[in-house]
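Residue numbers (this note's numbering): 1116 to 1318.
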């Protein structure tokens, strides 16, 4: 094979890698992060209040490939859901156009979208307290339910004609959140948070 032809092949392979990068991120997140690939957790509808967070540690890396449509649908409380869609730092967040600073994942089921994200860099407790306080600003209402970290906040906010409910929290030095649109039911959103935490969990 000539040098010129080899060069063309290399360019094509590189282009395919760029185009397929999103699929790789979804299908093999742990391999990209340099850690052994583990199977997706079994489908669950565990309430957040019953979830064991002792010694909880989470990744600041891709996790969407460990969330199945089946487990998301069960947690959301619907029969079926679309396949999860991942995003990563430096690319637009699906449906918003905003450039992400986090690793994230969203699942759509009818008119409901459940999403979760983990900030890509370490966050200090002082910064986390500021973010938790800001989360309850404006027209948002704080919910008196268990959070997913400390400091943390659970809020329901207006979202166009509807609303969304979001759990925010600091786990170790990692800031993360999980959200569901179209509901103020924190317990329902908490079940989705459990699915996301299991996907992020390292210990």
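Cβ atoms here follow ideal geometry from the backbone N, Cα and C, with glycine treated the same way.
Taking every protein chain shown into account, the CB of residue 1211 has fewer than 16 other CB atoms within 10 angstroms, so this residue is exposed. Non-local C-beta neighbours of residue 1294 in its own chain, meaning closer than 6 Å and more than five positions away in sequence, comprise 1230, 1279 and 1281, ordered along the chain. Residue 1220 holds the alpha-carbon nearest to the alpha-carbon of residue 1177 among 1220, 1269 and 1308.
Linking residue 1192 to residue 1303 through their CA atoms gives a straight-line distance of about 8 Å.
Taking 9 Å as the cut-off, the beta carbon of residue 1224 is found no closer than this to the beta carbon of residue 1269. For residue 1285, the enclosing beta strand (DSSP E) begins and ends at 1277–1286.
In the three-state scheme derived from DSSP, where H, G and I count as helix and E and B as strand, residue 1291 is classed as strand. Residue burial annotation: residue 1236 is exposed, with fewer than 16 other C-beta atoms found within 10 angstroms of its C-beta.
By the CB criterion at 9 Å, residue 1204 and residue 1213 fall outside the cutoff.
Closest in C-alpha terms to residue 1263, from the list 1283, 1271 and 1275, comes 1283. If you draw a 10 Å sphere on the C-beta of residue 1248, you find fewer than 16 other C-beta atoms in it, and that means exposed. For residue 1308, the enclosing alpha helix (DSSP H) has its first and last residue at 1301–1315. Bridge pairing for residue 1230: 1221 and 1294 [DSSP].
Closest by C-alpha distance to residue 1172, out of 1274, 1265, 1297 and 1272, is 1265. Membership of residue 1274 in the beta strand (DSSP E) is indicated by the continuous run 1267–1274. Residue environment for residue 1181: buried (at least 16 other C-beta atoms within 10 angstroms of its C-beta). Here residue 1207 is bridged, per DSSP, to 1214. Between residue 1190 and residue 1160, the C-beta spacing is below 9 Å. Here the alpha carbons of residue 1162 and residue 1259 stand approximately 15 Å from one another.
With a cutoff of 9 Å on beta-carbon distance, residue 1277 and residue 1289 are scored as not near each other.
Excluding sequence positions up to five before and after residue 1179, its CB lies within less than 6 Å of the CB of 1141, 1199, 1201 and 1220, all in the same chain and listed in chain order.
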